[in-house]
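J.: Throughout, our numbering is defined as the position within the sequence shown, counted from one, plus 4.
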Amino acid sequence: MSHVIQILSAEEVRRTVNRLASQIVESCADLSDLVLLGIRTRGVPLSKVIAKQINILENVNVPTGAIDITFYRDDLDRIGLREPGKTDIPFDLNRKTVVLIDDVIYSGRTIGASLSAVNDHGRPQCVRLAVLVDRGHRELPIHADFVGKVLPTSKDEQVKVFLQDPDGRDEVQLIKPK
5 MSHVIQILSA
15 EEVRRTVNRL
25 ASQIVESCAD
35 LSDLVLLGIR
45 TRGVPLSKVI
55 AKQINILENV
65 NVPTGAIDIT
75 FYRDDLDRIG
85 LREPGKTDIP
95 FDLNRKTVVL
105 IDDVIYSGRT
115 IGASLSAVND
125 HGRPQCVRLA
135 VLVDRGHREL
145 PIHADFVGKV
155 LPTSKDEQVK
165 VFLQDPDGRD
175 EVQLIKPK
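#1: Out of 137, 122, 136, point me to the one whose CA is closest to residue 130's CA.
#2: For residue 24, which option in 140, 91, 104 has the closest C-alpha, if you only look at C-alpha atoms?
#3: Can you give me the C-alpha to C-alpha distance between residue 11 and residue 21, rounded to a whole angstrom?
#4: Compare the C-alpha of residue 158 against each of 179, 29, 39, 72 and name the closest.
#5: Roughly how many angstroms lie between the CA atoms of residue 109 and residue 65, to the nearest whole one?
#6: Which term fits residue 33, buried or exposed, when burial requires 16 or more other beta carbons within 10 angstroms of its beta carbon?
#7: On the DSSP bridge list, what partners appear for residue 10?
#8: Below 7 Å CB to CB, which residues in the same chain sit around residue 151 once its five sequence neighbours on both sides are set aside?
#9: Which of helix, strand or coil does DSSP assign to residue 56?
#10: Keeping to the same chain, check which residues put their C-beta closer than 6 Å to that of residue 97; ignore five residues upstream and five downstream.
#11: Would you tell me roughly how many angstroms separate the C-alpha atoms of residue 112 and residue 163, rounded to the nearest one?
#12: Going by DSSP in three states, residue 134 sits in which element: helix, strand or coil?
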């Protein structure tokens with residue numbers, strides 16, 4: 005049995021996404037060089053929501069793509085084999101400002117694997133990282149450039165992100181074991 009605590013409501017998720025989009029815009033000198041890459045799974049719909057908000061703010065269509073890191077992970081022995089998703093990068097990464105998007109950053113291993121995957125697809129000008137929730141506990145020296153919510157957690161807790169697409173609601177929960 006576990007205890008569930010709502011960390012972000014739908015309205016708070018909306019505001020957080022708006023803030024992330026604004027911070028990304030402010031950091032990018034030339035929006036025509038900006039691309040967003042969502043890390044499967046929840047980073048993909050999150051990247052689309054952020055791109056939509058950037059369009060509302062700046063009237064610029066920012067290209068989005070999806071990256072699957074299954075074959076780049078160094079912890080498959082610990083987490084078990086997974087069905088790989090599809091990497092879909094319908095644009096050139098060379099000389100672009102790539103913002104990797106993920107829902108939660110924890111150990112940093114997902115982001116480390118993502119950087120390896122990005123390098124196999126091109127040579128960006130720079131790579132930044134945006135996350136909805138930073139829960140701490142890094143195992144690698146990786147830091148998010150844009151963070152929606154810093155949420156200190158214990159290692160036995162879980163953070164669950166729900167997004168309208170694909171979950172039908174926006175919410176962030178902290179799940180504490182009993």
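Glycine included, each C-beta is placed from N, C-alpha and C at the ideal position.
T.: Once the coordinates are examined:
#1: Nearest in C-alpha terms to residue 130, of all of 137, 122, 136, is 122.
#2: Ranking 140, 91, 104 by Cα distance to residue 24 puts 104 first.
#3: CA-CA distance, residue 11 to residue 21, rounds to 15 Å.
#4: Per the Cα distances, 179.
#5: Rounded to whole angstroms, residue 109 to residue 65 spans 26 Å at the Cα level.
#6: With fewer than 16 other Cβ atoms within 10 Å, it is exposed.
#7: Bridge partners of residue 10: 177.
#8: Cβ within range, chain order: 135, 138.
#9: Note: residue 56 maps to helix in three-state DSSP.
#10: Within the same chain, residue 97 has close Cβ partners 125, 126, 128.
#11: Their Cα atoms are separated by approximately 15 Å.
#12: Reduced to three states, the DSSP call for residue 134 is strand.
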